[in-house]
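Asks:
Number of protein chains: 2
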Amino acid sequence: MSRVVVPSGGALTRSMILDRIRVAGRISRVELAEASGLTQTAISNIVRQTITDGLVIETGFGESTGGKRRTLLEINVSARHALGVSLDQERMIYVACDLSGQMVGRISAAGTGLEQPGAVVPRMATELRALLDLTEIDPSSVVGLGVASPGPLNSPAGVLLGRQPNPAWRDFPLREELAKATGLPVMLDSDASCAALGEFWTTRNGATSPVNATVYMADGIGCGIIVDGRVFHGASSNAGELGHLSLDVDGPPCACGARGCVELYAAPRAVVAAALADRELATALDLRGDPVRTRSDFARIVRSATHGDDASLRLVTEAARRLGQGIVTLGNVLDLDEISLSGPGFADGGALFAQVIQQQLDQLPFTRDVHSVAVRISHIGTEAAALGAAARMLQQEVTPHTRVGRRLTSAAR
Amino acid sequence: MSRVVVPSGGALTRSMILDRIRVAGRISRVELAEASGLTQTAISNIVRQTITDGLVIETGFGESTGGKRRTLLEINVSARHALGVSLDQERMIYVACDLSGQMVGRISAAGTGLEQPGAVVPRMATELRALLDLTEIDPSSVVGLGVASPGPLNSPAGVLLGRQPNPAWRDFPLREELAKATGLPVMLDSDASCAALGEFWTTRNGATSPVNATVYMADGIGCGIIVDGRVFHGASSNAGELGHLSLDVDGPPCACGARGCVELYAAPRAVVAAALADRELATALDLRGDPVRTRSDFARIVRSATHGDDASLRLVTEAARRLGQGIVTLGNVLDLDEISLSGPGFADGGALFAQVIQQQLDQLPFTRDVHSVAVRISHIGTEAAALGAAARMLQQEVTPHTRVGRRLTSAAR
DNA sequence: TTACTTCGTGAAGTTTCTTGGGTAAGTTGC
DNA sequence: GCAACTTACCCAAGAAACTTCACGAAGTAA
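These protein sequence lines are chains A and B, in that order.
Counting in numbering that gives the first Met the number 0, the first sequence runs from 0 upward without gaps.
Counting in numbering that gives the first Met the number 0, the second sequence runs from 0 upward without gaps.
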């Protein structure tokens with residue numbers, strides 16, 4: 000029997016208020032009452048409780064509007080912390096963040112490479128302890144660990160389903176083992192979904208749009224979709240497979256089995272391959288062509304392009320154009336009005352990609368007729384996935400709109 | 000200030016219970032308690048209230064399981080009714096349905112043609128009154144009118160934005176004027192979204208999947224997306240523009256401004272045009288080539304294909320293949336596990352389309368790796384949009400998960 | 001008939017909000 | 001400088017929607 004969690008009662012209200020304070024940064028009780036529709040009395044009681052719990056603190060007063068000044072409230076950002084890690088073959092990134100989503104610590108370590116998951120899990124636990132020691136966070140304030148992984152996965156089960164980071168990881172009970180090794184609640188989700196949530200969570204003043212898509216480029220290309228502040232997962236937590244959206248059904252075959260996938264044209268590996276085919280360019284940029292060095296080779300090409308090199312610029316523009324084609328489709332299907340570019344793939348040449356993609360979207364007839372679509376570059380960059388994974392745990396803690404509460408079944412099988 | 004309605008309190012619980020009874024068909028209090036997580040006492044009280052209001056009736060008893068038999072509950076289907084209309088240039092379809100989503104009356108009338116909206120609205124009011132007289136529904140039980148329209152629109156504002164049914168309708172305050180003319184609450188949404196909701200609402204035993212997409216083919220091709228029982232609208236209530244998803248960026252130009260759109264290959268107009276180019280076939284099927292007769296010409300071709308005519312079959316298969324390409328993309332982006340085909344375009348040859356599309360989906364690598372995607376043909380066919388539009392009003396009445404309740408702001412502007 | 005199970009509901013308590021009535025802390029006008 | 005007004009915040013009592021506990025009604029099994 001499938002169950003839908005319908006929140007109700009105090010936990011929901013409390014977390015809504017907390018979320019509102021977090022998003023606003025500083026806010027008064029009166030504003031909370033206006034925004035929430037609750038009475039000032041109710042807000043007063045709820046806020047008192049959160050202050051007692053140490054989640055909220057009073058920080059000064061607002062301007063008087065003809066009477067008593069409003070007491071301003073803020074989230075006590077150090078009341079809770081979360082850890083996040085982006086699982087990656089090349090390089091792992093561990094972050095710790097506070098309740099505001101602000102990164103308070105970061106370390107990076109060797110990627111999974113071809114190691115077995117059974118060997119990597121204890122290493123991760125050690126590295127996470129090192130991060131905690133480094134940041135001097137009170138361990139009791141840590142609410143959990145979020146894990147961002149590339150490739151298809153089963154988020155509820157906490158299991159990877161694809162060939163990432165390497166085939167040995169498939170069906171390994173990752174979440175369970177990590178929870179055992181760290182003693183923390185662990186949640187697993189795709190890097191793109193995590194990055195999307197990271198963008199959303201750390202953007203002050205809340206959602207600018209009810210629907211938000213974040214294109215995440217690392218080795219592959221994925222897309223995280225946020226609807227009403229929550230990750231849209233689809234039927235099996237694998238929505239937003241932008242990288243394997245087919246641009247040309249008669250195009251070159253992809254490892255995924257389809258043809259003409261976005262990744263074949265726009266992923267770092269594809270751009271590097273195209274650059275290597277240009278002997279002169281490959282020599283000029285000192286490209287290695289070593290598969291594990293793809294990311295740094297790609298960075299060289301992008302930097303060369305931003306510095307005005309024609310050959311590099313052509314390659315990057317072409318990749319951006321192809322990616323843009325996929326994004327146009329995505330925007331059409333989901334009726335998006337904002338798209339974020341995030342992840343290590345956009346770290347150096349994000350502006351270049353954004354410009355090309357924005358041009359394509361502006362040419363879109365729908366865009367002209369109904370509303371525009373804006374392309375923005377991530378403000379949290381390379382750490383987006385890890386930070387988003389951590390934010391996912393914080394969201395559970397502070398905004399448990401989908402966790403706490405009464406359960407009502409929406410469908411029987 | 001944008002506000003998100005967060006339901007809470009009794010209205011939500013009540014409507015959840017009502018929805019559960021509706022979906023189950025017949026259900027006992029004990030089962031409701033188990034499914035909802037509420038106590039039997041609470042269910043008892045809520046059910047008593049709904050019985051008093053005439054929304055629920057007791058209908059016999061279940062088998063004893065060793066003690067007192069369970070009293071079975073059903074929705075009193077005639078307690079509420081809703082009207083729905085699918086706006087169309089060629090032919091308008093009006094339906095009335097009861098609380099179970101069962102159609103209890105249907106009339107069709109001349110389409111909007113090139114008439115001005117100011118002239119059509121009073122005619123619609125007259126035709127709706129005729130439908131009410133015909134069905135002998137108690138007018139006080141009618142909760143509202145749902146309007147399904149092709150093309151881009153602004154659902155909250157109740158205004159059409161595109162060139163459908165004809166350019167004069169653009170920006171006409173349709174919802175407002177219809178509400179005035181009929182004295183009913185009116186809601187406007189895309190035909191595809193309505194059809195999707197119709198499929199969902201009238202399918203007993205509730206959702207088989209949390210995400211459900213319905214491809215709707217009339218003159219154009221659209222797609223309605225249902226997430227957790229509610230229509231997914233995107234940023235501007237125009238999500239699911241499958242018809243203008245580009246299959247080939249270098250393809251033929253489309254009236255929408257883009258190139259290689261699905262509609263150019265798969266819409267009835269495209270199939271008829273291809274058939275007209277084949278002189279022999281056009282003569283054999285007695286095709287007119289008259290734009291306003293496109294739908295019947297298309298039907299002839301599809302029927303000829305299902306009867307085994309090679310030339311027709313090739314044309315229809317090609318259209319289905321192209322549509323399938325778009326659906327594959329859609330399925331990838333949204334991570335769907337079920338797709339419904341609905342609308343007049345699939346009335347005759349739905350099975351043929353379904354077969355070709357299913358084949359394509361089965362070849363999809365993702366489908367093999369993670370989960371299968373099933374294609375099913377609508378069981379409510381040509382009336383899907385109108386019926387879904389009506390269901391939209393019923394959903395508001397019986398399942399006001401998004402309407403009644405406390406308001407909490409999720410974002411400030 | 002007796003013992004047991006199961007369904008449905010009444011009575012009383014809990015939680016979460018509301019309404020109504022203060023009190024403290026400001027500003028404004030004379 | 002003081003009265004009059006505004007505004008913010010909070011206490012007390014009450015309403016609504018649940019809960020737990022208890023019990024009678026309706027059924028089965030030996």
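We put the beta carbon where it would ideally sit given N, CA and C, even for glycine.
Remember, it's a predicted structure, so these values are computed and weren't measured experimentally.
#1: Which residues, in chain order, does the segment 163-176 of chain A contribute to contact with chain B at a C-beta distance below 7 angstroms?
#2: With DSSP as the reference, label A:V214 as helix, strand or coil.
#3: Whole angstroms is fine: what's the gap from A:W168's alpha carbon to A:M102's?
#4: Starting from A:T328, find everything on chain B with Cβ-Cβ shorter than 7 angstroms and list it in chain order.
#5: If you follow the beta strand (DSSP E) that A:S85 is part of, which residue opens it and which one closes it?
#6: Using only the alpha-carbon positions, how far apart do A:W200 and A:L86 sit?
#7: Consult DSSP for B:C193 and reduce its assignment to one of helix, strand or coil.
#8: In whole angstroms, what separates the C-alpha of B:V300 from that of B:P116?
#9: Residues in the segment 24-38 of chain B with C-beta within 8 angstroms of chain A's C-beta atoms, listed in sequence order?
#10: Restricting to runs no shorter than 3 residues, where is the beta strand (DSSP E) found entirely within the segment 213-301 of chain B?
#11: Taking B:L351 as the reference, give the member of B:L183, B:L314, B:S107, B:A283 with the closest Cα.
#12: In the DSSP assignment, find the beta strand (DSSP E) that holds A:L54 and state where it starts and stops.
#13: Kindly indicate the opening and closing residues of the beta strand (DSSP E) around A:S107.
#14: Residues in the same chain with beta-carbon distance under 7 angstroms from A:E89, minus the five sequence neighbours each way, listed in chain order, please.
#15: Is any beta-carbon of chain A found at less than 9 angstroms from that of B:E279?
#16: Tell me which residue opens and which closes the alpha helix (DSSP H) that B:R21 is part of.
#17: What does a CB cutoff of less than 8 angstroms around A:V327 pick up in its chain, not counting 5 residues either side in sequence?
#18: Pick from B:V94, B:K67, B:S99, B:G36: whose alpha carbon is nearest that of B:V55?
#19: Using the Cβ count rule (16 or more neighbours within 10 Å means buried), how would you classify A:R321?
#20: Just curious, the alpha helix (DSSP H) that A:L483 is in, first and last residue?
#21: Look at the alpha carbon of A:A353 and the alpha carbon of B:G325, and state the distance between them as a whole number of angstroms.
#22: Check each residue of the segment 226-237 of chain A: if its Cβ is closer than 8 angstroms to any Cβ of chain B, include it; give the result in chain order.
#23: When the Cα atoms are used, what is the spatial distance from A:Q355 to B:R79?
#24: Report the residue ranges of all alpha helix (DSSP H) runs contained in full by the segment 104-156 of chain A; include only those spanning at least 4 residues, in chain order.
#25: Hey, is A:K179's beta-carbon within less than 9 angstroms of any beta-carbon in chain B?
#26: State yes or no: is the beta carbon of A:G239 nearer than 9 angstroms to at least one beta carbon in chain B?
#27: Determine which residues share a DSSP beta bridge with B:D97 and list them.
#28: Rounded to the nearest angstrom, what separates A:T51 and A:G145 at their Cα positions?
#29: Less than 9 angstroms between CB atoms is the rule here; does A:P209 satisfy it with respect to chain B?
#30: Please report how far the alpha carbon of A:V230 lies from the alpha carbon of B:K67, in whole angstroms.
#31: Please state if the CB of B:D296 and the CB of B:V261 are separated by a distance shorter than 9 angstroms.
#32: Spell out whether any CB of chain A is found under 9 angstroms from the CB atom of B:D336.
#33: Kindly list, in the order they appear in chain B, the residues whose Cβ is closer than 8 angstroms to that of A:L72.
#34: So, is the C-beta of A:V248 closer than 9 angstroms to a C-beta in chain B?
#35: For A:G233, tell me which candidate among B:N211, B:E135, B:G150 has the shortest Cα-Cα distance.
#36: What do you reckon, are the CB atoms on A:R375 and A:S339 nearer than 9 angstroms?
Replies: According to the structure shown:
#1: Residues of the segment 163-176 of chain A with a C-beta less than 7 angstroms from any C-beta of chain B: none at all.
#2: Strand at A:V214.
#3: CA-to-CA, the gap between A:W168 and A:M102 works out to about 28 angstroms.
#4: For A:T328, the C-beta contacts it makes with chain B under 7 angstroms involve L244, S245, T328, in order along the chain.
#5: Taken as a continuous stretch (DSSP letters only), the beta strand (DSSP E) holding A:S85 covers 80-85.
#6: For A:W200 and A:L86, the distance between alpha carbons rounds to 20 angstroms.
#7: Reduced to three states, the DSSP call for B:C193 is helix.
#8: Checking the sequence, you will find Ile at residue 300 of chain B rather than Val. The C-alpha of B:P116 is placed about 33 angstroms away from the C-alpha of B:I300.
#9: Here the close residues are A34, S35, G36, L37.
#10: Correct list: 220-226.
#11: Among B:L183, B:L314, B:S107, B:A283, the Cα nearest to that of B:L351 belongs to B:L314.
#12: Counting along the chain, A:L54 sits inside no beta strand (DSSP E), nor does DSSP assign it H or E at all.
#13: Start and end: 102-109.
#14: In its chain, beyond the 5 residues on either side, G110, V291, R294 have a beta carbon closer than 7 angstroms to the beta carbon of A:E89.
#15: By this cut-off, B:E279 is not an interface position.
#16: Where B:R21 is concerned, the enclosing alpha helix (DSSP H) stretches over 9-23.
#17: The beta carbon of A:V327 sits closer than 8 angstroms to the beta carbons of Q359, L360, L363 from its chain, once the five residues preceding and following it are set aside; these are given in chain order.
#18: The shortest Cα separation from B:V55 among B:V94, B:K67, B:S99, B:G36 belongs to B:S99.
#19: A:R321 comes out buried.
#20: Nothing about residue 483 of chain A can be reported from this structure: the residues present for chain A run from 0 to 412 only.
#21: Roughly 25 angstroms separates the two Cα atoms.
#22: Against chain B - using a Cβ distance shorter than 8 angstroms - the residues of the segment 226-237 of chain A are V226, D227, G228, F231, H232, G233, A234, S235, S236, N237.
#23: The residue asked about is misnamed: residue 355 of chain A is Val in this sequence, not Gln. It is roughly 53 angstroms from the alpha-carbon of A:V355 to the alpha-carbon of B:R79.
#24: Secondary structure in the segment 104-156 of chain A: the alpha helix (DSSP H) runs of 4 residues or longer, each lying completely within the stretch, are 116-134 in chain order.
#25: A:K179 does not count as touching chain B.
#26: It does: the Cβ of A:G239 has a partner Cβ on chain B nearer than 9 angstroms.
#27: Beta-bridge pairing links B:D97 to B:H80.
#28: Cα-Cα distance, rounded: 27 angstroms.
#29: The C-beta of A:P209 comes closer than 9 angstroms to at least one C-beta of chain B.
#30: Cα-Cα distance, rounded: 45 angstroms.
#31: By the CB criterion at 9 angstroms, B:V261 and B:D296 fall outside the cutoff.
#32: With respect to chain A, the C-beta atom of B:D336 has a partner C-beta closer than 9 angstroms.
#33: Per Cβ cutoff of 8 angstroms: no residues; A:L72 is ~15 angstroms from chain B at best.
#34: Yes - at least one Cβ of chain B is within 9 angstroms of the one on A:V248.
#35: Of B:N211, B:E135, B:G150, the residue nearest in Cα terms is B:N211.
#36: It is a contact, given that the beta carbons lie within the stated cut-off.
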